[in-house]
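Peer 1: The numbers in our numbering rise by one with no breaks, and the one at position 63 of the sequence shown is 64.
Take this structure first; my questions come after.
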Amino acid sequence: MRNPQIISRKITATQQLFGPIEQKVIPSWNIAGRPKNVKKGTFGFNFQTNHLEYWNGSAWLKLPMKKI
2 MRNPQIISRK ITATQQLFGP IEQKVIPSWN IAGRPKNVKK GTFGFNFQTN
52 HLEYWNGSAW LKLPMKKI
């Protein structure tokens, strides 16, 4: 069994050395669940169509994706 105090110290030391750990998450939705009243430039992943989508101000457009 691990000692939570030791784990806590390791996390704190890592954060002090390298800064806070931050992870950005791309929003996702299906066709029916697309966001409403969005700003131009909003993008996210449509898991129903398997495409990144971009709102151009009047329609959702598919963004090209490339394997890297």
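Positions of the beta carbon are idealized from the N, C-alpha and C atoms, including for glycine.
Tell me whether residue 23 is buried or exposed, calling it buried when 16 or more other Cβ atoms sit within 10 Å of its Cβ.
Peer 2: On the sequence shown, residue 23 is found 22 positions in, with the first residue counted as 1. Result: exposed.
Peer 1: Compute the Euclidean distance between the alpha carbons of residue 38 and residue 26, then round it to the nearest angstrom.
Peer 2: As a first step, residue 38 is located in the sequence shown; it is residue number 37 there, counting from the start. As a first step, residue 26 is located in the sequence shown; it is residue number 25 there, counting from the start. Each residue's alpha carbon lies about 20 Å from the other.
Peer 1: How would you label residue 42, buried or exposed, when you count the other beta carbons within 10 angstroms and need 16 or more for buried?
Peer 2: As a working mapping, residue 42 is identified with position 41 in the sequence shown. Exposed, by the Cβ-count rule.
Peer 1: Using CA atoms only, rank isn't needed, just tell me which of 55, 66, 31 and 63 is closest to residue 40.
Peer 2: Sequence index remark: in the sequence shown, residue 40 carries index 39 (1-based). The shortest C-alpha separation from residue 40 is found at 55.
Peer 1: Quick check on the burial criterion: 16 or more other C-beta atoms within 10 angstroms. Buried or exposed for residue 45?
Peer 2: Against the sequence shown, residue 45 aligns to sequence position 44. With 16 or more other Cβ atoms inside 10 Å of its own Cβ, residue 45 counts as buried.
Peer 1: I need the straight-line Cα distance from residue 58 to residue 31, nearest angstrom please.
Peer 2: Your numbering for residue 58 matches position 57 in the sequence shown. Your numbering for residue 31 matches position 30 in the sequence shown. When rounded, the distance between both Cα atoms is 19 Å.
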